[in-house]
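Chemist: Counting with numbering that gives the first Met the number 0, you get residues 0 to 252 for the letters of the sequence shown.
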Amino acid sequence: MLLLYVEAPFAVCRTFTAGWYRPTATFLTPSAAYGLLLNLAGIEMRLREEEASYPTKAGVPATVTRSGLPAAKLALGASAVKLRRGRPVSLDEGEEPYPRVQTIYQQLHNYPVGSSGGERAEATFGNKYNISPVRREVLVGLRAVIALDSSPELEQRVRHGVEGASVSGRYGLPFLGDNSFLPDRIDLLDAPPATHWYERLASVGESVRPRASRLTVWIDRTDTSLTRSDLYAPTNSASSDIPPNAWTEINPP
């Protein structure tokens, strides 16, 4: 098993939505954590358009997930402490272990095709006339513990990625849902700190618990009916022991 501590000032875990209002899950999702681990391991999750197995039929999404990705079991939790040089540091007075959901507003513009929207051009005096305000949610102050139980090969590749060792096939920087949101730190842990572990409520026979939230486990951009999510909630008390129901299996097709 491999343990990671991830701290980031900003993060986002988009639900499968589009339009002017773009929400985020309230915590790091298993699907996002899995993608982060593959990035650290230097394993390309996307199928490139020039590859022979890339589908050629019309309507193929911009991002197609490749087959043969490694299976893994993940447990996620909100750390009840900050970690500095491997040592736990108490949170500030009034500070919660969970990230806060905040909102930013932006202008979204597009370039119309053909004559679409042309009747508005004169009124804007040469400015862009297809502009809409959009609302985007972000997570602020993420401190997550990720437990990975997988093959020795994958765990070793993730370890090498965190340590800065050369990993074949890796490019770019790790980010959390948006390539503008980089983590402040990703640390390897010898043992879990006190953590509020996110349990699947269906597994523990509960339907209501504070901070319950639906988190995506797997996203299929080719067939959204294959996208999986579960209802999770953090444990009421922090513990260094990982509950059995906190483990989520990811078995890519």
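Here a beta-carbon is modelled for each residue, glycine too, at the ideal position from N, C-alpha and C.
#1: What does the Cβ neighbour count give for residue 196, buried or exposed, with the cut at 16 atoms within 10 Å?
#2: Can you give me the start and stop residues for the alpha helix (DSSP H) that residue 158 sits inside?
#3: Could you give the DSSP three-state label for residue 87: helix, strand or coil?
#4: For residue 150 and residue 106, what's the separation of their Cα atoms in angstroms?
#5: Looking only at its chain, what residues have a beta carbon closer than 8 Å to the beta carbon of residue 188, apart from the 5 residues adjacent to it on each side?
#6: For a minimum of 3 consecutive residues, which ranges assigned as the beta strand (DSSP E) are wholly contained in the region 163–227?
#7: For residue 68, which beta-bridge partners are listed by DSSP?
#8: Let me check understanding here. Comparing Cα to Cα, which of 156, 136, 180 lies closest to residue 6?
#9: Is the separation between the beta-carbon of residue 66 and that of residue 217 shorter than 8 Å?
#10: Considering Cα atoms alone, identify which of 199, 191, 186, 96 is closest to residue 36.
#11: Expressed to the nearest angstrom, what Euclidean distance is found between the alpha-carbon atoms of residue 102 and residue 137?
Modeler: In terms of the structure at hand:
#1: It is buried - the Cβ of residue 196 has at least 16 other Cβ atoms within 10 Å.
#2: Unbroken alpha helix (DSSP H) run through residue 158: 151–162.
#3: Strand, per DSSP.
#4: About 45 Å.
#5: These residues qualify, in order along the chain: 2, 3, 4, 82, 85, 144.
#6: 184–188, 194–199, 212–217, all fully within the region 163–227.
#7: In DSSP, residue 68 forms no bridge with anything.
#8: Restricting attention to 156, 136, 180, the CA atom closest to the CA of residue 6 is found in 180.
#9: No.
#10: Nearest of 199, 191, 186, 96 to residue 36, Cα basis: 186.
#11: About 6 Å.
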